[in-house]
Amino acid sequence: MDFWVLPICQISFMLTLMSSAGQGLASQAQSAYFLPEFALSPQGSFLEDTTGEQYLTYRYDDQSSRTTRSDEERDTGWDAWGMWSDCSRTCGGGASYSLRRCLNGVNCEGRNIRYRTCSNTDCPPESGDFRAQQCSAHNDIKYQGQTYEWIPVTYDPISPCALRCQARGKSLVVELAPKVLDGTRCKADSLDMCISGICQEVGCDRQLGSNAKEDNCGVCAGDGSTCRLVRGQALPHVSPEEPMKMVMEVPMGSRGLRITAKGPDMIVIEAHAPNSWREEVMFSSSGSHALGNNTVEYQRGAERQTLRCYGPLSADFTIKVKYAGPKDTVMQFMFYQPIRYQWRETDFFPCSVTCGGGYQLNSADCMDIRYNKSVAEHLCHSFPENTKPTPKLKECNMDPCLESDGFKEVMPYDHFQPLPRWEQNPWTSCSVSCGGGSQERSVVCVEEDVHGQIVLVEEWKCTHSPRPFNKQSCNTFECPQWMAMEWSQCTVTCGPGLRYRVVLCVDHSGQHAGGCSPHLKPHIKEDCLVPVACHKPRENQPVEAKLPWLKQAQELEESKVALEYPTFIPGPWSACSVSCGLGVQRRQVKCKVLLSFTQAEVELPDEECDQDKPPLQRTCDSGPCLASPDSSWRPLRPQQIPDQHDYAWEYMGFTPCSESCAVGKQMAVVRCVSTLKQEIVDDTFCNDSKVVPSLLRICNPQPCPPRWEVSVWNQCSVSCGVGLQTRGVSCVRSVAGNRTELVSSKDCLETRPPELQACNQVACPPSWEAEKWQQCSHSCGRGTQWRKVYCRQRLATGSYHRLRDEECAGAKPEVHRTCTNPDCLLPRLEGGEWSKCSVTCGKGVQRREPVCRRQTASGQLVTLDRSSCSDLPLPPLIRSCRMSPCSKHVHSRKRCPQVIGLKRIYIQTRQEKRLSFTIGGRAYLLPKTAVIIKCPVRHFPKAQIRWEKDGSELTSSKRLSITKSGALRIYNLEAGDIGLYRCWANQDSDTFILKLIGYNNRLLEQPEGKGLGKERSRNFHPYLNKEGGYAGSKCHEGFPPGKKAPKSHPSWVQKNEFYRDDHGQPKELWDTLALGNYALASGARSHTGAFVLEPAQFEELVKNISLLAESGDVSDEMASHLIDKLIEDLAVAGQGVPTEEGTTMDNHLDKTPNTSELTGEMGSKRGSRAVIVRQRHHGSAMNFQRDLRILVGRNAYLTNATHSLTLVCPAQGLPPPNLSWSKDGAPLQNSDRVSWDSGGEVHIASPGASDVGTYKCTATNELGSDSETTHVLLAETPTIAASQRNTSDLRSASLKVVVGGVITARLGANLTLECPVKGVPRPTVSWHHKEGPLGASASPLLNGSLLLRNLTLRDYGTYSCMAANSIGKSVASSLLRVAAGGSLGESEHQPSKEMNKKRVLMASVIGTSVTVKPGDILRIGCPVVPSHRKPIKWSHQNQTLKQSPGASYRMLVGGRVLEMNTHGGKFDGRYECQTQINNQQRLTAWIHVLSQEFEWRLGEWSSCSASCGNRGTQMRKVRCLTSEGRETPHSVCHHLPKPISQPRPCNILDCPPSWASTVWSKCSSSCGRGFRERRVSCQQVEASGSMKVLSSAACEGFPRPEDREECTSHTCVEWLTGLWGKCTGRCLGPAVATQSRTVSCRHFSNSTSKTCDPKERPSSVRNCSSEMCNVHWKVLPWRTCTVACGSGFQSRRVECVHRQNKKTLPDQHCAWQRRPVTWQHCNVTSCGSECTDRTHYCPVVKRLKLCPVDLYRQRCCQTCSQDTSAT
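So in my numbering, the last spot in the sequence shown is 1787, and the numbers never skip.
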């Protein structure tokens, strides 16, 4: 910082001004002048301003800090404003100024200084008040000969910016300075600040001159949408019996709490903080009360109490009242409650492309402001005040790409990448053909790249446009219905006859169509009777009676065609059998069906047609037979028949129409007429037997005028207290067919009748009224909820009257109840922990992985397999992050360098070409190995890293070099390279110890004079000066200059890398070390060619070497030598044996530490907080060992084989932590079975159900504590609560059934098979189909159920649910039958041949009996002849079939055959048929049906599978038995759930000793004769299953197997290679190509073979030098731009050319190097004043309302101009 220096003359001048301002004060005492303007006054000279204002005009001579002048400044004579000064304060809000000078030589108009606020962050509480600091600065200056302790005076409205202070304890008030320092608050409770002695207004946004105010929610310049006003009144009834009641709860963060109470009761507030802090205050005296971090003002009067708390509340407040008198207290309350879930805009997502022009979008997350974490979006949608912000869009990465995939002559219109868009697939077919269904389609977000390829992207990229609907309704029209026309006239004019009508299937549009149910079709003919004797000659019948309907009816009957259901189709009538007189006509009638898919008619047996069969013959009349010609007899004509009175019946018109509209009727008028006079006479003159038939005709067919039609009033909504009644009112008109149709309400002219009326206007009796249950106290699992219950009476006016509880009859409903929220127990997809920010400064991104979790009933979160959440939406997996701002200058802020080492031990096991290590560890390597030692650093340039070996500085040489990144490279290790290496980064360093292993597996000694650990006496350090300090370093961090900073403990957070050329198996000594337990149970890594050890694993390695020496695999001398040398090396380095520091580091290797983490790890070594060592979980902790040993943090499962349980709690810290255990929240008690030792291990002997619970281990020391829990659970085998009931539902479109039994469903239904399971650990559920794999319509659900959609005949079969866990498994099955057409029979899919047989069981007059299996077809025939046409009545158990409960049946062959449904319900019993054989005899036949039941049973235990040990098991055979106990084939019981035969252990005892041998080794010779070996030992298998090795003497009674034998290998093969080919392969670089050779496996006899070891196969390809690859890309000049202005494109040719002969080659020859770009943008300038759109994002910009932003308005000029003109 540059300091302003004022000359002495100027200071004197300023003192003179100040002294004149404080006259009295200066004359009476030793003067103390506080000059606050020094902090802001710059260097230079001052002039008076001619404007009359008391400001100083500043003349500034420095030109270096001037900014560019604006046009306005040039016009007024002012120079540009200067740089802003440093802030007057470092916190709490200060002021900064900027100056300018007058250039015209005279006074300029305006001010030469301007101010702004700065350092607006709040000061720490311990810093105190800024005005008080200024007063205390005068404590040491005498006033009137005496010193005082000055404190600030409260706000003075007359001079708020004067420094007025008061002597503590006295009434003396003095103005110590006319102005306070800039940035001082005008008054304590305001943000307004004093600048240059004037109080300036400061808004809540901390800006000068701002009028921004906080809204009621505490948001600066907010609109009040982040909170809601809560106000109300409460009347708590407290009494001596119930002295305290809760009134309400005020959540944390609320503001403006005000409570007014009238009454004697006292107010009590209980505060609950999130950190479990709790406090309760009872208010009895007026004043301010502290409650947590809030101040509560309480005033108590004679009858009124007032309580205020401005907030925001730092805890949840529970307001209560405490009884203090018999009078009730009325409370009124008001506060602003924050909306807990609010939308927060995210930062912009990463750019969609890296170059060439893309876009960025942002989104909004639903945040829980209480815990500041992201939650599900539906929580924000539940508040109407919340409006999700519209996603914003901006362009990004507009630079052209560096390369292109091809040469483009024509470029697209828009050089920006197209926006992602929604793309929808076609709609699926409608779920129903009529009556209203639904159809769906898939909607995805796709993006088109610059090559025109469509790719699927995340949906958030399409949020700029509304998402299309993926579901819609379809086929909403009504289904076709039968419509019957008017009946015809009777087909005869006398006696019995028939009449017909036409019945049509009409669709919703009135057109004739198909699709109507044939079972609902009205009949088309019926009998009719004309009451006239049939003796009148036909010629006398009137014309109207000539039977016109008979012909039409016959035509309708004879034009019958086959339909899609069996129908009798009559053929044409034959000619009459006689030419005169009465004869017979015949025809054929066949049962036919129309096959819809082939449109072919197929004949069926007559019994397949349900309706009556039409007659096959009828009588016919061919007229009278004429006599012979010579006969003299002729019949008389009717006119010649003499009439006695000459009177006859005649038609005389029609009666008036019976209806004025909508089709009426007219009857013909018949009168008696005199045939002589043609006059109407009395009816008595005519013969009644000769009356003509009555005639009927239709009239007035037009529709009636519209009218209002009302329905009956509905039932009253309530029985008392004023209810409502409704009825339907519609405008209709009558049409033909006695039907009405709806018309528009405008067509009805009369007044519309009322649709609503009041009813039951009487008072109700008092009753209990309960409000809705409040939210459950726990969002997951078991909790409680409460509600309010009142005694109220509803009056006749509809209002309510509150009564005392005693006036209501009956018990008062419950106010509290338990509640359970099971939804949280379902799997949910959450985000894991966020990774570290991708950058160390500035703006970056964070990522996380999705994790599938489920919460158990106990509240514990359990991680599931990802497949359990496959159908759930993904949470946000990427978000932006912002670190501290990046410094403009790298070294502007000094931070101490850090060397980040890695404490590891490396052991090389086989020869490798190159290995890479990280500083901080040690390595035991083989000679001739190339080594790279990395030195990762922070806050230090890598190029300045220095290296030393054994205290001497290292410089680059032939065998050693230091890379640009600061790493040390050593070529071909030799003995001289053994030693201690150290890398330096300023004053920080770390070491690496390098040792060599000789070819005899002994460590090589360092050459004489270079002993390890004998480091030279620090005569070299690249940064040490003569005084012992650090030369050139300004990084001290609290240490005095010249002192050495203590060595920091490095942070081991970096992984080392191994580079290996091939893969092989370890050999020699170090391979044997890999057999130790550390390689199996610990975190040691075994790389090919090397072992990497954590320091904590070092001791176990030493133990393993000792064990190998005891077994003879390693000599004692060799083992001792290795152990001594390793321990000696560690001792020399001053580190001792490594501790367990690094055992948990692997869990954090992928994380980049923050500065705070590094600082903590670089801290002092005096102590460390207690930490429990946690290990990663690999697989399930479920095992069946006798003695379980479980690390804390994992679950333990107890089985029958568990004899003991040990819980291990490894912990570390300094000082060593103390361990304590608790179970289910209570301290763990020692007993005869439960104990723990000082090491933190809990031992439980014979654990059982009483030991189940949650065990918690707590490690504590002086610096902190840590805890971890383990759940001990009792393992249970899976069980399935299968159903034993059979289910048959042929009507429902969707049904749920628990697995088990037989299920019968209709075709097209949706079936959910539920599989309720139990077991510990939680069993996994899988489904299987016995007849084959699950079909495409089968979908396993997350709850373990199986959903079968749209059942087809192929879904028939047995479905099995298998539940399995580590203990066992359980299976339950169901047989699914699918029925078509809503009934069972031929349409049902039944693959069994026996079930498809159409066997008919005949009933008998004497009775018969038959046994039927459930599921078989049961058809019972009545013993009558096929021509029997009399009705047949069937009964079951002496009841008609309709009366028989649960009977499902159908009639076949005209009722002669009864078919029963045997799939569900009871079908056994007595069936009886009755019919009339002739006029006198009645037939009765019956049959008794027995249901043959089957069941699965478990048989006897089998013999044990083993005679000893712990592997013996027994099983029980599962048999299918009849009810009599007779065994039948398993296929008979396949429809029943089959029980699982669980094995049980047997013969659990120690086995006798026996010889055991390992497998033979490989033959010692790969070709010809050799030998092979194996190990033979005497062993005994114990009852626990463990193997015990005994001495050879224990097996002396048994022959010992051979341990060595001869062998012969016939695989005499080897790899043979050919000569290398020409260097003409693929180019890999400049003048570098590939060449190949043949490699084959051959016998020694030169025949080919395939038995060679592939690991030993020689290489068949290598690099070579080729002049053909001496090529480069040749770039031609750019072509002319496609446009003159407004962003065009230009292109150029790029060719692959040989460097020597300059010939053009195909592009693939140059593919090894990057191809130059072939096109670029050009002329990106505005084309004058034209207003056009330069991107196709403009519709999105307009929709998002981004036109006011200059960037978008310029690029979308045309679209934004239309938007402006439209408004």
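All C-beta atoms, glycine included, are put in the ideal place defined by N, C-alpha and C.
It should be emphasised that the depicted structure is a prediction, and the values quoted were computed from it without experimental measurement.
Check                                                                                                                                                       : Outcome
Distance, Cα to Cα, Val1691 vs Cys1716?                                                                                                                     : 7 Å
Can you look up Gln1512 in the DSSP assignment and give me helix, strand or coil?                                                                           : coil
Using alpha carbons as the reference points, say which of Pro486, Trp669, Leu1395 lies closest to Ser694.                                                   : Trp669
Less than 8 Å separating the beta-carbons of Cys955 and Cys1003?                                                                                            : yes
Is Gly1377 closer than 8 Å to His1348 when the C-beta atoms are compared?                                                                                   : no
Can you check whether the C-beta of Cys828 is within less than 8 Å of a C-beta belonging to chain D?                                                        : Protein chain content of the structure displayed is limited to a single chain, and chain D is not contained in it.
What span of residues does the beta strand (DSSP E) with Gln380 cover, start to end?                                                                        : 378-381
Given a threshold of 16 other Cβ atoms within 10 Å of its Cβ, counted over all protein chains shown, does Ile700 qualify as buried or as exposed?           : exposed
How is Cys784 classed by DSSP in three states: helix, strand or coil?                                                                                       : coil
Quick check for students: name the residue ranges of the beta strand (DSSP E) that lie wholly in the stretch 467-511, counting only runs of 3 or more.      : 474-476, 491-494, 501-504
I need the straight-line Cα distance from Ser1390 to Phe1487, nearest angstrom please.                                                                      : 32 Å
With a cut-off of 8 Å, do at least 3 Cβ pairs link the stretch 1292-1310 to the stretch 1214-1221?                                                          : yes
Comparing alpha-carbon positions, which option in His1550, Gly921, Arg1531, Gln380 lies nearest Pro1563?                                                    : Arg1531
Please classify Tyr671: does DSSP put it in a helix, a strand, or coil?                                                                                     : strand
Quick check: what's the CA-CA separation for Tyr361 versus Arg837?                                                                                          : 27 Å
Under the assumption that Met213 contacts Gly148 (Cβ atoms under 8 Å), give the Cβ distance between them as a whole number of angstroms.                    : About 17 Å; that fails the 8 Å criterion.
Output yes or no for whether 8 Å exceeds the beta carbon distance between Val752 and Glu729.                                                                : yes
Taking buried to mean at least 16 other C-beta atoms within 10 Å of its own C-beta, is Gln50 buried or exposed?                                             : Residue confidence for Gln50 is low, a pLDDT of 33 falling below 50, so the modelled location carries little weight; the figure read from the coordinates is stated next. With fewer than 16 Cβ atoms within 10 Å of its Cβ, Gln50 is classed as exposed.
Can you give the beta carbon distance from Pro404 to Ser274, rounded, assuming they're within the 8 Å contact cut?                                          : The Cβ separation is near 19 Å, so there is no contact.
Ordered along the chain, which non-local residues of its own chain (more than five positions away) have a Cβ less than 8 Å from that of Tyr1757?            : Tyr379, Leu413, Glu415, Phe436, Leu439, Arg1775, Cys1776
Compute the beta-carbon to beta-carbon distance between Met354 and Arg251, rounded to the nearest angstrom, for a pair I have assumed lies under 8 Å.       : 4 Å
Exposed or buried, what is Gln1720 when buried is set at 16 or more other beta-carbons lying within 10 Å of its beta-carbon?                                : exposed
Could you tell me the alpha carbon to alpha carbon distance between Ser1071 and Val919, rounded to whole angstroms?                                         : Confidence at Ser1071 is low in this model, with a pLDDT of 33, below 50, so its placement is unreliable and the value that follows should be read with caution. Distance between the alpha carbons of Ser1071 and Val919: 8 Å.
May I ask you to verify whether the stretch 280-289 touches the stretch 362-379, counting CB pairs closer than 8 Å and requiring at least 3?                : no
On a Cα-Cα basis, can you pick out the residue from Pro294, Asn295, Tyr671, Tyr318 that is closest to Phe303?                                               : Tyr318
Between which two residues does the beta strand (DSSP E) containing Val1579 stretch?                                                                        : Premise fails: Val1579 is in no beta strand (DSSP E) and is neither H nor E.
Is DSSP giving Asp703 helix, strand or coil here?                                                                                                           : helix
Can you name, in chain order, every residue of its own chain whose Cβ lies under 7 Å from the Cβ of Gly283, other than the five neighbours on each side?    : Lys347, Asp348, Thr349, Val350
When you compare each of Arg1620, Pro1353, Pro1298 to Val1337 by their alpha carbons, which one comes out closest?                                          : Pro1298
Return the bridge partner residues of Cys1716 from the DSSP annotation.                                                                                     : Trp1693, Leu1725
Whole angstroms is fine: what's the gap from Gln1740's alpha carbon to Asp1673's?                                                                           : 55 Å
Would you list the one or two residues that DSSP bridges to Glu621?                                                                                         : Leu614
Looking at C-beta atoms only, is the number of pairs between the stretch 474-487 and the stretch 523-534 that lie closer than 8 Å three or more?            : no
Quick one: what's got a C-beta closer than 6 Å to Pro1557's C-beta in the same chain, skipping five residues either side?                                   : Ala1302, Gly1320, Ala1392, Ser1393
Which whole-angstrom value describes the C-beta separation of Ser678 and Ser642, a residue pair presumed to lie in contact below a C-beta threshold of 8 Å? : Actually they do not touch by this definition, with Cβ atoms about 41 Å apart.
Using the Cα positions of Trp1241 and Lys1276, report the straight-line distance between them to the nearest angstrom.                                      : 6 Å
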